[in-house]
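A short write-up of the structure that comes next.
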Amino acid sequence: MPELPEVEVTRRGIAPALTGCRITAVRARIPALRYPLPAKLGSLLADRRLEGVHRRGKYLLLNFGAGHLLIHLGMSGSLRLVAADRPAAKHDHLDLVFSGRDGPVALRLRDPRRFGAVLWLGGDPQQHALLAPLGIEPLDEAFTADWLEKALDGLVAPIKTTLMDSHRIVGIGNIYASESLFRAGIDPRRPAGSISPLRLGRLVPAIKQTLTAAIAAGGSSLRDFIQSDGSAGYFQQQYFVYGRTGEPCRNCGRPIRELRQGQRATFYCARCQR
DNA sequence: CCGACAACCTGTGAGC
DNA sequence: TGCTCACAGGTTGTCG
Numbered sequence: 006m007p008e009l010p011e012v013e014v015t016r017r018g019i020a021p022a023l024t025g026c027r028i029t030a031v032r033a034r035i036p037a038l039r040y041p042l043p044a045k046l047g048s049l050l051a052d053r054r055l056e057g058v059h060r061r062g063k064y065l066l067l068n069f070g071a072g073h074l075l076i077h078l079g080m081s082g083s084l085r086l087v088a089a090d091r092p093a094a095k096h097d098h099l100d101l102v103f104s105g106r107d108g109p110v111a112l113r114l115r116d117p118r119r120f121g122a123v124l125w126l127g128g129d130p131q132q133h134a135l136l137a138p139l140g141i142e143p144l145d146e147a148f149t150a151d152w153l154e155k156a157l158d159g160l161v162a163p164i165k166t167t168l169m170d171s172h173r174i175v176g177i178g179n180i181y182a183s184e185s186l187f188r189a190g191i192d193p194r195r196p197a198g199s200i201s202p203l204r205l206g207r208l209v210p211a212i213k214q215t216l217t218a219a220i221a222a223g224g225s226s227l228r229d230f231i232q233s234d235g236s237a238g239y240f241q242q243q244y245f246v247y248g249r250t251g252e253p254c255r256n257c258g259r260p261i262r263e264l265r266q267g268q269r270a271t272f273y274c275a276r277c278q279r
């Protein structure tokens with residue numbers, strides 16, 4: 006579910022409600038997601054004040070002053086703000102209960118597939134083994150066609166799988182890789198290192214526009230993505246190619262094609278993308 | 001370093 | 001209706 010836009014929408018949903026609030030309880034219902042949950046998370050966070058909520062790639066960082074709680078939503082994770090006494094449903098694995106301005110409120114993590122992660126980072130978050138190797142933020146000013154040309158130099162792998170490599174560029178997952186390449190008019194199978202500067206000059210703004218539009222729409226609601234207040238995102242209504250196999254291209258009318266790259270589905274228009 | 005692949009886990013929808 | 005199979009937003013680790 007969550008690529009950069011969904012994580013950013015989540016961040017913007019929870020930050021205003023929780024920043025400045027203190028933890029009053031922690032409820033962990035399972036011992037581990039992708040990694041074991043931090044031991045003694047309750048005493049670690051007891052009475053701590055949330056200083057801010059940040060994002061790095063698809064990771065959320067909750068700053069508690071003494072350290073950061075790192076949260077990754079994996080494939081199926083979501084965070085919601087709910088009344089603290091609301092019963093937990095299936096796959097609601099973790100609650101962080103805060104003393105909110107209007108009474109106790111729980112930040113509830115749900116993750117059916119359990120590919121997500123919750124870790125406690127005591128030191129500088131950027132030095133952590135999961136964050137240090139991460140690539141550039143695509144919405145940063147530093148992400149330019151010049152930067153991309155150097156980053157892709159010599160690479161033979163298809164541009165689509167390369168865009169999804171978080172050690173080069175963060176935040177672009179399977180949906181937004183296909184969508185960005187359509188907007189740029191680039192064939193997803195094209196070797197990353199042999200794309201002309203002219204085309205890279207189209208790809209950079211295509212990525213930025215795709216991600217920005219998705220954030221503005223509240224993310225994509227594949228199956229069950231929900232915002233922190235429980236409402237849906239609407240970006241999927243703006244998909245050009247993702248999940249539209251056989252349907253007419255919104256630009257030229259030809260049927261959208263589907264292929265597999267690295268065990269993932271790719272969607273594209275054979276006429277508009279070269 | 002690069003690229004291909006399996007693995008982690010549950011839910012859902014298609015097809016029979 | 002019920003069963004089986006393929007596939008789903010991500011990332012790490014391994015291997016050649």
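Residue numbers 6 to 279, in the numbering used here, belong to the letters of the first sequence in order. We put the beta carbon where it would ideally sit given N, CA and C, even for glycine. For clarity, every value in this text was computed on a predicted model and none was experimentally measured.
Buried versus exposed call for residue i [16 or more other C-beta atoms within 10 Å across all chains shown]
i      : result
Pro130 : buried
Asp116 : buried
Glu252 : exposed
Gln132 : exposed
Asp151 : exposed
Asp97  : buried
Cys257 : exposed
Glu146 : exposed
Gly62  : buried
Residue from the options whose Cα sits closest to the Cα of residue i
i      : options                           : result
Ile280 : Ala111, Phe69, Asp145 and Ser185  : The chain is shown from 6 up to 279; residue 280 falls before or after that span and cannot be answered.
Ala51  : Val102, Val175, Ile19 and Glu13   : Val102
Arg328 : Arg60, Lys213, Leu124 and Glu56   : The first residue shown for the chain is 6 and the last is 279, placing residue 328 beyond what the model contains.
Leu49  : Pro109, Gly206, Leu124 and Arg262 : Leu124
Gly108 : Leu86, Gly128 and Thr149          : Leu86
Gly190 : Leu75, Arg269, Leu74 and Pro210   : Pro210
Gly206 : Thr149, Gly128 and Leu114         : Thr149
Leu203 : Arg279, Ala37 and Arg106          : Arg279
Rounded Cβ spacing between residue i and residue j (contact assumed at less than 8 Å)
i      : j      : result
Gly224 : Glu11  : 4 Å
Ala111 : Ala89  : 5 Å
Leu153 : Leu208 : 7 Å
- [ ] Specify whether the stretch 78-91 and the stretch 134-153 touch according to this definition: at least 3 beta carbon pairs, one from each stretch, less than 8 Å apart.
- [x] no
Task: beta strand (DSSP E) segments (min. 3 residues) lying fully within the stretch 60-134 - done: Listed in chain order, the complete beta strand (DSSP E) runs (minimum 3 residues) inside the stretch 60-134 are 64-68, 73-77, 83-88, 97-105, 108-115 and 122-126.
Open item on the list: Threshold first: 4 residues or longer. Then list the alpha helix (DSSP H) segments lying entirely within the stretch 150-216, N to C.
Closed with: Within the stretch 150-216, the complete alpha helix (DSSP H) runs of at least 4 residues are 150-157, 164-168 and 179-189.
Open item on the list: Check whether the stretch 153-169 and the stretch 180-200 are in contact - that is, three or more C-beta pairs closer than 8 Å.
Closed with: yes
Open item on the list: Extract the residue ranges of the beta strand (DSSP E) inside the stretch 24-61, only unbroken runs of 3 or more that lie entirely within it.
Closed with: Those beta strand (DSSP E) runs which fall completely within the stretch 24-61 and span 3+ residues are 28-33 and 57-61.
Task: At least three beta-carbon pairs within less than 8 Å, the stretch 22-33 to the stretch 42-55 - done: yes
- [ ] Entirely within the stretch 245-273 and at least 3 residues each: give me those beta strand (DSSP E) ranges in chain order.
- [x] Within the stretch 245-273, the runs of beta strand (DSSP E) at least 3 residues long that lie entirely inside it are, in chain order, 262-266 and 269-273.
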